[in-house]
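Protein chains in written order, with the numbering used here: chain A, 745 to 952; chain B, 745 to 952.
C-beta: ideal position from N, C-alpha, C; glycine also.
Working notes for the structure below.
So, in structure tokens, the structure goes:
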């Protein structure tokens, strides 16, 4: 089924646009279009307008590059946050993930990507220079590198470390190890090895 | 990860609307929203406008109920089609599927669903009355029931058959049997049994 026979250009056009989205092929796009055709007109209008409005009005926080409705995001502008700690992450999904843990009360710095020569992304495509500026201007005691445990993540972390080690800040990285709930025998050997090297005093590791 | 921490209401709103689509949860919706934020603004505008325009401007053919940009769809208005044969299908996806086979040159009648008491869909929710009207007004020689090989499909087919058997038309149903390319040993017994009962003279079945 090649789905090249549309009796409506309007539907064909909507399917074409929907199928440009990642992970959505033409069959799924058609299913979505037919769903919208069956639903109330207001549903399609709300969806279409939410997409257009989001793209045209959303801003990136001028301090940490997180998505924001204002010039400064609600994390950077929150007076209850600890402004002396900056957590460096790849993208805004990581900010959401860390916020959801409720274990962190500092600020963020969103790189907007990760160093990946394969994808043509170098250090200058990321907001590393802005991080250096923040360290020059703000009083920061610690920078936490919360990057993916991949070669790209490690490369990016090392690059950032070299750029910021001249500042009087502690540079730390999130713990790597066997995930909570994982059984030891199924952990890969590199992770398990790292978790042995980076072992903690028992009293420090157990949380009530 | 509950993803309830959005630093932008605009993004939260777009994710909420996207996640109403079938098969798209909040995680996928967020991925789509972040994709749109990375792409050019024009991409989001084209997507949003295509959805709104499709829903507000698309029509349903007043003859066969297929989707259409005009009052009569391009199949019903095509003078090369055989107007004496009507193929009854559940929805417009089936029209596309049959059109893609290039094996059919008649017209269609789109029911807009299938009789399914479990989902609260009865005969009066479908365009069966309109089909009867077409048989009263047009010269039709054959009605082909091309419905799903399910209990609902069979029920719907039987209901339609009872409504239209008073007309001088041949009522046929698409062939059920072992699919092309399927191995016999893996065919289910009901399908295989049906394909034995409905066997054809060898000369009729082999197509060059």
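**Prompt:** Hey, is residue 745 of chain A's beta-carbon within less than 7 Å of any beta-carbon in chain B?
**Reply:** Within the first chain, the letter at position 1 stands for residue 745 of chain A. Residue placement at residue 745 of chain A cannot be trusted, given a pLDDT of 39 that sits under 50; what the coordinates show is reported in the next sentence. Answer yes: the Cβ-Cβ gap between residue 745 of chain A and chain B drops below 7 Å somewhere.
**Prompt:** Counting contacts by CB-CB distance shorter than 7 Å, is residue 792 of chain A in contact with chain B?
**Reply:** On the first chain, position 48 is the one that residue 792 of chain A refers to. Residue 792 of chain A counts as touching chain B.
**Prompt:** Based on Cα-Cα distance, which residue from B:783, B:879, B:929, B:808 lies nearest to residue 727 of chain B?
**Reply:** No answer is possible for residue 727 of chain B: the residues shown for chain B start at 745 and end at 952.
**Item:** 8 Å CB neighbourhood of residue 896 of chain B in its chain, flanking five on each side removed
**Value:** Here residue 896 of chain B refers to the residue found at position 152 when the second chain is read from its first residue. Taken in chain order, the residues that qualify are 858, 859, 860.
**Item:** Identity of the residues DSSP links to residue 808 of chain B by a beta bridge
**Value:** What you label residue 808 of chain B is simply residue 64 of the second chain in a count that begins at 1. Answer is none; residue 808 of chain B lacks a bridge partner.
**Prompt:** Per DSSP, what kind of secondary structure is residue 788 of chain A in: helix, strand or coil?
**Reply:** As a working mapping, residue 788 of chain A is identified with position 44 in the first chain. If DSSP states are grouped into helix, strand and coil, residue 788 of chain A belongs with the helices.
**Prompt:** Can you list, in chain order, the residues of the region 797-817 of chain A whose Cβ is nearer than 7 Å to any Cβ on chain B?
**Reply:** 797, 798, 799, 800, 801, 802, 810, 811, 812, 813, 817
**Request:** Check residue 746 of chain A in the structure and name its three-state DSSP category.
**Result:** Here residue 746 of chain A corresponds to residue number 2 of the first chain, with the count starting at 1. At residue 746 of chain A the pLDDT is 43, less than 50, meaning the model places this residue with poor confidence; the figure from the coordinates comes in the next sentence. DSSP places residue 746 of chain A in coil when its eight states are reduced to three.
**Prompt:** What in chain B is Cβ-close to residue 849 of chain A, meaning under 7 Å?
**Reply:** In the first chain, residue 849 of chain A corresponds to position 105, counting from 1. Going along chain B, no residue has its Cβ under 7 Å from residue 849 of chain A, so there is no contact; the nearest lies around 13 Å.
**Request:** Using the Cα positions of residue 766 of chain A and residue 920 of chain B, report the straight-line distance between them to the nearest angstrom.
**Result:** For the purposes of this step, residue 766 of chain A is taken as the residue at position 22 of the first chain. For the purposes of this step, residue 920 of chain B is taken as the residue at position 176 of the second chain. Going from the Cα of residue 766 of chain A to the Cα of residue 920 of chain B covers about 37 Å.
**Request:** Compare the Cα-Cα distances from residue 837 of chain B to each of A:806, A:778, A:883 and report the closest residue.
**Result:** Looking up residue 837 of chain B in the second chain gives position 93. Cα-wise, what sits closest to residue 837 of chain B is A:778.
**Request:** Answer with yes or no whether the minimum CB distance from residue 870 of chain A to chain B is below 7 Å.
**Result:** Taking the first residue of the first chain as 1, we reach residue 870 of chain A at position 126. Chain B contact via Cβ: absent.
**Opening and closing residue of the alpha helix (DSSP H) in which residue 826 of chain B lies** = In the second chain, residue 826 of chain B corresponds to position 82, counting from 1. Looking at the DSSP string, residue 826 of chain B is not in any alpha helix (DSSP H); the run it does join, the beta strand (DSSP E), is 826-833.
**Asked** Under 7 Å between C-beta atoms, does residue 852 of chain A make it to chain B?
**Response** For this step, residue 852 of chain A is matched to residue 108 along the first chain. No - not a single Cβ of chain B is within 7 Å of the one on residue 852 of chain A.
**Prompt:** Which residues bound the beta strand (DSSP E) around residue 850 of chain B?
**Reply:** Residue numbering aside, residue 850 of chain B sits at position 106 when the second chain is read from its first letter. Segment 850-854, the beta strand (DSSP E) holding residue 850 of chain B.
**Message:** In whole angstroms, give me the CA-to-CA distance for residue 795 of chain B and residue 872 of chain A.
**Reply:** As a working mapping, residue 795 of chain B is identified with position 51 in the second chain. As a working mapping, residue 872 of chain A is identified with position 128 in the first chain. Cα to Cα, the separation comes out at about 38 Å.
**Message:** Rounded to whole angstroms, what is the Cα-Cα separation between residue 812 of chain B and residue 801 of chain B?
**Reply:** Counting from 1 along the second chain, the entry for residue 812 of chain B is found at position 68. Counting from 1 along the second chain, the entry for residue 801 of chain B is found at position 57. Near 9 Å, if we compare the C-alpha coordinates of residue 801 of chain B and residue 812 of chain B.
**Asked** What does residue 757 of chain A reach in chain B if we use C-beta pairs closer than 8 Å?
**Response** Residue 757 of chain A sits at position 13 when you count from the first residue of the first chain. 794, 797, 798, listed in chain order.
**Asked** How about residue 848 of chain A and residue 808 of chain A: do their beta carbons lie closer than 7 Å?
**Response** As a working mapping, residue 848 of chain A is identified with position 104 in the first chain. As a working mapping, residue 808 of chain A is identified with position 64 in the first chain. Their beta carbons are not under 7 Å apart, which means residue 848 of chain A does not touch residue 808 of chain A by this criterion.
**Message:** Alpha carbons only, please: which of A:870, A:810, A:764 is nearest the one belonging to residue 843 of chain A?
**Reply:** In the first chain, counting from the first residue as 1, residue 843 of chain A sits at position 99. Ranking A:870, A:810, A:764 by Cα distance to residue 843 of chain A puts A:810 first.
**Request:** Establish whether the CB of residue 896 of chain B and some CB of chain A are separated by less than 7 Å.
**Result:** Walking along the second chain from the start, residue 896 of chain B turns up at place 152. It does not; no Cβ of chain A falls within 7 Å.
**Request:** Report the rounded CA-to-CA distance for residue 825 of chain B versus residue 776 of chain B, giving the unit in angstroms.
**Result:** Position 81 of the second chain holds residue 825 of chain B. Position 32 of the second chain holds residue 776 of chain B. Their Cα atoms are separated by approximately 41 Å.
**Request:** Just the chain A side, please: which residues come within less than 8 Å of residue 918 of chain B by C-beta, in chain order?
**Result:** The count along the second chain starts at 1 and reaches residue 918 of chain B at position 174. Correct list: empty, because the minimum Cβ distance to chain A is about 15 Å.
**Prompt:** For residue 894 of chain A, which three-state DSSP category applies?
**Reply:** What you label residue 894 of chain A is simply residue 150 of the first chain in a count that begins at 1. Residue 894 of chain A falls in the coil class under three-state DSSP.
**Asked** Which residues of chain A have a Cβ atom closer than 8 Å to the Cβ of residue 821 of chain B, listed in chain order?
**Response** Taking the first residue of the second chain as position 1, residue 821 of chain B is located at position 77. Per Cβ cutoff of 8 Å: no residues; residue 821 of chain B is ~10 Å from chain A at best.
**Request:** Would you tell me roughly how many angstroms separate the C-alpha atoms of residue 888 of chain B and residue 918 of chain B, rounded to the nearest one?
**Result:** What you label residue 888 of chain B is simply residue 144 of the second chain in a count that begins at 1. What you label residue 918 of chain B is simply residue 174 of the second chain in a count that begins at 1. Answer to the nearest angstrom: the Cα atoms are 7 Å apart.
**Message:** Within a Cβ cutoff of 7 Å, which residues of the same chain sit near residue 962 of chain A, ignoring the five residues on either side of it in sequence?
**Reply:** The question about residue 962 of chain A has no answer here: the residues shown for chain A are numbered 745 through 952.
**Item:** Per-residue contacts from residue 891 of chain B into chain A (C-beta, under 8 Å)
**Value:** In the second chain, residue 891 of chain B corresponds to position 147, counting from 1. Correct list: empty, because the minimum Cβ distance to chain A is about 17 Å.
**Message:** Just checking: is the beta-carbon of residue 771 of chain B within a distance shorter than 7 Å of some beta-carbon in chain A?
**Reply:** The residue given as residue 771 of chain B occupies position 27 in the second chain. So, not an interface residue.
**Asked** Hey, out of B:784, B:830, B:942, B:755, whose CA is closest to residue 793 of chain A's CA?
**Response** Here residue 793 of chain A is taken as the residue at index 49 of the first chain, counted from 1. Of B:784, B:830, B:942, B:755, the residue nearest in Cα terms is B:755.
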